[in-house]
Amino acid sequence: MESDTLRLNIESVLERVRLAARKSQRPDQAVQLLAVSKTRPAEDIRRAAALGLSDFGENYLQEALEKIDQLRDLDGLRWHFIGPIQSNKTRLIAEHFHWVHSVDRLKIAQRLSDQRPAAMPELQLCLQVNISGEQSKSGVSLEQLPELAHAVLPLPRLRLRGLMAIPAATADPDVQRAAFAALRGALQQLQRDAPQLDTLSMGMSGDLEAAIAEGATVVRVGTDIFGPRQATAADG
Ligand SMILES: *Cc1c(COP(=O)(O)O)cnc(C)c1O
């Protein structure tokens, strides 16, 4: 995409983040922008990095590995895996990413723990929660979350940081906020036993203001940075 468009898009998203943070009396730095670069060419990521972004989110492992390799020369990029995880993919995720936001089963966490190379820093982890209770969505239920979190916390080579959710899409800000508030409430409950948990990965292009109002510490933004995506069967 055009560098000028990309620069304007990034400035405008950062301004939305700042305004939303201020409105909730939160410092600007309390909210990290994660640029979701799925389906985008490595060149777009290179341009975004030159414009100051450092954290990139990918959903499809093979595509991500190619881009990580193409951008090896850039220092200081952090790669976040945010897509559904099949157990035969965990090794490559453990070997190539800094963060994983989409863990929703103990088996996946155990494999990531076993497969994280000893020479790398701990893999930073969020548990994905199915807030809206939709059958089709990934994520652990709110009911099963405490048991999963307590099983994941002691695993070596991983650091559980918090929770991630993708609520059902809606344009109604009150409905958006209610879903994000439920995720915040779930984190607060876990924090009673695990006060080190500090991450709420929630909010995308269409609902980042509502997410920040409810305490998001990471917003995952694709479309409003890189423009509309071509729809793919696996998108979402
Ligand atoms: C694609 C995706 C996003 C970004 O969504 P946009 O609406 O393009 O901002 C965020 N999080 C996850 C998990 C995604 O798959």
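In this text, residue positions in the sequence shown follow full-length UniProt numbering: the first is 1, and each later residue adds one.
Where is the CB? At the ideal position from N, CA and C, for every residue including glycine.
Practice problem: Compare the C-alpha of Ala-178 against each of Met-204, Leu-148, Ser-132 and name the closest. | Solution: For the purposes of this step, residue 178 is taken as residue 178 along the sequence shown, with counting starting at 1. For Ala-178, the nearest C-alpha among the options comes from Ser-132.
Quiz item: Comparing alpha-carbon positions, which option in Gln-188, Asp-114, Leu-8, His-98 lies nearest Pro-121?
Solution: Start at 1 with the first residue of the sequence shown, and residue 121 comes out as number 121. It is His-98 whose Cα lies nearest to the Cα of Pro-121.
Self-check item: CB of Val-36 within 9 Å of CB of Ile-82, strictly
Solution: Here residue 36 refers to the residue found at position 36 of the sequence shown. Here residue 82 refers to the residue found at position 82 of the sequence shown. Going by C-beta atoms, Val-36 is nearer than 9 Å to Ile-82.
Quiz item: Opposite Ser-201 in the DSSP bridges: which residues?
Solution: Counting from 1 along the sequence shown, the entry for residue 201 is found at position 201. DSSP, once it has assigned bridges, lists Met-164, Val-218 as partnering Ser-201.
Self-check item: 3-residue-minimum beta strand (DSSP E) runs that sit fully inside the stretch 73–133, ordered along the chain
Solution: Qualifying beta strand (DSSP E) stretches, in chain order: 78–81, 99–103, 123–128.
Quiz item: Roughly how many whole angstroms lie between the Cα atoms of Gln-176 and Gly-206?
Solution: The sequence position of residue 176 within the sequence shown is 176, counting from 1. The sequence position of residue 206 within the sequence shown is 206, counting from 1. Cα-Cα distance, rounded: 10 Å.
Quiz prompt | Coarse secondary structure for Leu-71, derived from DSSP in three states | solution = Counting from one through the sequence shown, the residue named residue 71 turns up at place 71. Looking at Leu-71 - three-state DSSP - the assignment turns out to be coil, as it is neither helix nor strand.
Quiz item: By DSSP, does Gln-176 sit in helix, in strand, or in coil?
Solution: Sequence index remark: in the sequence shown, residue 176 carries index 176 (1-based). Three-state result, Gln-176: helix.
Self-check item: Rounded Cβ spacing between Leu-6 and Arg-40 (contact assumed at less than 8 Å)
Solution: As a position in the sequence shown, residue 6 is number 6, starting the count at 1. As a position in the sequence shown, residue 40 is number 40, starting the count at 1. Not quite, the Cβ-Cβ distance comes to about 10 Å (not below 8 Å), so this is no contact.
Quiz item: Got a sec, what are the start and stop residues for the alpha helix (DSSP H) Leu-14 sits in?
Solution: Indexing the sequence shown from 1 puts residue 14 at position 14. Unbroken alpha helix (DSSP H) run through Leu-14: 3–23.
Quiz item: Is the closest heavy atom of ligand 2 to the C-beta of Ser-102 under 8 Å?
Solution: Among the ligands present in this structure, namely ligand 1, ligand 2 is not found.
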